[in-house]
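Asker:
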Amino acid sequence: MDRRRFLSLSIATTSGAAALLAGCGDGDDGGGGGGKTDVRLGDTVNESNPEIAAEKYFGERLNALTKNAYDVKVFPNGTLGDHNRMNEQVRNGTLQMTKTLFANLTAFDKRLGVLSLPYAFAKQADLFTALGGDLGKQLSGILESYDLKVLAYFDSGARNVYNKKKPIKSPDDLKGLRIRVPQDAVAIDTFNTLGAQATPLTTNEIYSAMQQGVIDGAENNPIFYVTNKHVEEAKFWSWTRHQFGVDALLVSKKWFEKQSKANQDAFVQAGQDTEKHERELWATETEKYVKQATDKGAKINDDIDVAAFQKAVKPVLEKHRATFGDLVKLLPVS
1 MDRRRFLSLS
11 IATTSGAAAL
21 LAGCGDGDDG
31 GGGGGKTDVR
41 LGDTVNESNP
51 EIAAEKYFGE
61 RLNALTKNAY
71 DVKVFPNGTL
81 GDHNRMNEQV
91 RNGTLQMTKT
101 LFANLTAFDK
111 RLGVLSLPYA
121 FAKQADLFTA
131 LGGDLGKQLS
141 GILESYDLKV
151 LAYFDSGARN
161 VYNKKKPIKS
171 PDDLKGLRIR
181 VPQDAVAIDT
191 FNTLGAQATP
201 LTTNEIYSAM
211 QQGVIDGAEN
221 NPIFYVTNKH
231 VEEAKFWSWT
241 RHQFGVDALL
251 VSKKWFEKQS
261 KANQDAFVQA
271 GQDTEKHERE
281 LWATETEKYV
291 KQATDKGAKI
301 NDDIDVAAFQ
311 KAVKPVLEKH
321 RATFGDLVKL
331 LPVS
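Each residue of the sequence shown is one higher than the last, beginning at 1 in UniProt numbering.
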């Protein structure tokens with residue numbers, strides 16, 4: 001091959017590669033160059049969790065509102081890391097989006113642990129009302145100061161205790177049990193106060209820890225219990241309803257502000273639509289997974305001495321009241 005032909009082929013190859021890269025759409029503003037902008041959305045739950053379906057729905061709504069300007073790719077199963085790692089990546093703009101436990105956000109600001117307070121809401125509807133009002137606005141404002149923008153508050157269900165040894169009916173039944181909790185000071189104090197041995201672990205560590213006898217159980221919602229196969233190891237499920245869980249769908253504020261105003265509005269609208277859709281989906285799926293848990297041999301009890309639990313955890317509220325400041329005044333338990 002002569003030198004001129006070699007140079008021609010090299011130029012053509014380089015030009016083709018450049019065009020291919022341009023078509024990948026990893027620019028700052030969706031639709032700016034005719035290609036799609038990639039949006040990576042990381043999560044730790046597996047594909048069967050309804051939150052993954054909701055995240056895919058978000059991508060569909062965003063495309064409908066922006067005429068297919070974005071390609072939202074959902075990464076479940078902790079593919080991109082645990083919650084803490086992804087939260088930090090979204091904060092610095094190297095990851096566009098994530099869905100995270102609110103409890104994990106206390107790594108940025110301890111006030112965000114206010115939703116972890118046990119028995120803070122009598123029923124889930126009270127929580128949703130608070131999130132749609134001043135409490136939700138203040139939490140969003142705190143997160144924005146850390147470059148994390150809330151697009152939706154997801155329902156992640158009532159949290160309940162499950163374990164390998166016995167039904168839980170009163171705080172006395174928890175004494176000595178090693179219960180996995182999120183890496184959150186309020187959750188740790190709650191279960192230690194109830195007499196259990198609170199054991200903070202990441203999501204992906206729970207199953208093996210139960211298998212190996214490191215923990216006796218955990219606390220979470222029915223969907224998490226079944227989809228993560230914890231029902232295989234911990235057959236006793238007790239409806240303690242000690243906390244109504246909230247997850248946040250977050251977008252990097254640094255990245256978000258590089259988008260056009262029209263596309264920013266589309267992200268916000270898609271988030272609002274997805275919040276409504278996810279909550280409806282969660283309610284439907286919860287019923288299904290409770291039945292699945294029973295079919296898989298779970299022994300479910302609902303005869304809980306709620307008053308005894310509420311009395312037992314009062315010291316937790318008093319201990320953390322100063323940490324949460326004025327946010328506590330927005331809770332029914334205040």
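Idealized CB from N, CA, C, for every residue including glycine.
1) For Phe102, does the three-state DSSP call read helix, strand or coil?
2) Since Phe236 sits in a beta bridge, which residues does DSSP pair it with?
3) Going straight from the alpha carbon of Gln269 to that of Gln211, what length do you get?
4) Note down, in chain order, each residue of its chain lying with its Cβ closer than 7 Å to the Cβ of Asn84, except the 5 sequence neighbours on either side.
5) Just mark Glu47 as buried or exposed, buried being the case when its beta carbon has 16 or more other beta carbons within 10 Å.
6) When we look at the beta-carbon of Lys229 and count the other beta-carbons within 10 Å, is it buried (16 or more) or exposed?
7) In whole angstroms, what separates the C-alpha of Leu65 from that of Pro50?
8) Looking only at its chain, what residues have a beta carbon closer than 6 Å to the beta carbon of Thr227, apart from the 5 residues adjacent to it on each side?
9) Can Leu112 and Ile142 be called in contact, C-beta distance under 8 Å?
10) Taking contact to mean at least 3 C-beta pairs separated by less than 8 Å, is the segment 85-101 in contact with the segment 248-258?
11) Relative to the C-alpha of Trp255, which candidate in Lys166, Arg91, Asn68 and Lys169 has its C-alpha closest?
12) Distance, Cα to Cα, Val231 vs Gln264?
13) May I have the straight-line CA-CA distance separating Phe267 from Phe154, to the nearest angstrom?
14) Sort Lys67, Gln89, Arg61 and Asn68 by Cα distance to Arg40 and report the nearest one.
15) For Thr203 and Pro222, I'd like the C-alpha separation in whole angstroms.
16) For residue 346, which of helix, strand or coil comes out of DSSP?
17) With 16 other CB atoms within 10 Å as the buried threshold, where does Asp326 fall?
18) Spatial neighbours of Asp71 within its chain, please: C-beta separation below 6 Å, excluding the five flanking residues on both sides.
19) CA-CA distance, Thr129 and Gly271?
Answerer: Looking at the coordinates:
1) helix
2) Beta-bridge pairing links Phe236 to Asn163 and Lys299.
3) 43 Å
4) So the list reads Asn104 and Ala107, once near-sequence residues are dropped.
5) exposed
6) With fewer than 16 Cβ atoms within 10 Å of its Cβ, Lys229 is classed as exposed.
7) 23 Å
8) Correct list, in chain order: Asn46, Ser48 and Asn49.
9) yes
10) Judged by Cβ distances under 8 Å, the segment 85-101 makes contact with the segment 248-258, as three or more pairs qualify.
11) Arg91
12) Between Val231 and Gln264, the C-alpha separation is close to 41 Å.
13) Distance between the alpha carbons of Phe267 and Phe154: 16 Å.
14) Gln89
15) 15 Å
16) As displayed, the chain neither begins before 1 nor continues past 334, which places residue 346 out of reach and without an answer.
17) exposed
18) Lys36 and Asp38
19) 17 Å
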